[in-house]
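Engineer: Residue numbers (our numbering): 39 to 215.
Virtual Cβ for every residue (Gly too), placed ideally from N, Cα, C.
(1) With DSSP as the reference, please indicate the residues paired to residue 84 in a beta bridge.
(2) Spell out a yes or no on whether the segment 70–83 and the segment 174–186 are touching, meaning 3 or more CB-CB pairs, one atom from each, closer than 8 Å.
(3) When burial is assigned at 16 or more other CB atoms within 10 Å of the CB, is residue 87 buried or exposed?
(4) Determine, using beta carbons only, whether residue 135 and residue 150 come nearer to each other than 8 Å.
(5) If we ignore side chains and look at the alpha-carbon of each, how far apart do residue 42 and residue 91 end up?
(6) For residue 76 and residue 48, I'd like the C-alpha separation in whole angstroms.
(7) Does DSSP classify residue 185 as helix, strand or coil?
(8) So residue 145 and residue 85 are in contact, right, with Cβ under 8 Å, and what is the actual spacing, rounded?
Shown next, in the form of structure tokens:
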């Protein structure tokens, strides 16, 4: 069995405030732009609250890979889950979610909307480290490990505050009718 190899990369966090059809600045989309230059791999991870009542999920996570020609793994075969860790060396706990392959390079995780699962997922998202285990098309595995750091923490907190403010505004609007 081959020894694991650590390859450096980078992640840049941002937040996008979109306006919906009613002029509200929700959904808020959290984004992580991931780059692993020596592997010719980039990806964008997005996290947004689910606004589609036909989808039984509290939040949706998308991971879109951009792979350079000649990528050694042949492409991405699957994304199994997303785990959150307190430290880089922790084993981590998986978010309670259903993974789906949308296209060859686009994957989605639908976070469970049951109250206990939703509370657990929001608790897990407070952690500093993210593990994304993937399989390449050639059968090999990789583990993308991301640190939120100060920028990621700030972005996560901004997103949570915006979602909470929108919930309050929606409740107030509903009570006014």
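Structural biologist: Quick answer:
(1) 69 and 100
(2) yes
(3) buried
(4) yes
(5) 42 Å
(6) 11 Å
(7) strand
(8) About 13 Å; that fails the 8 Å criterion.
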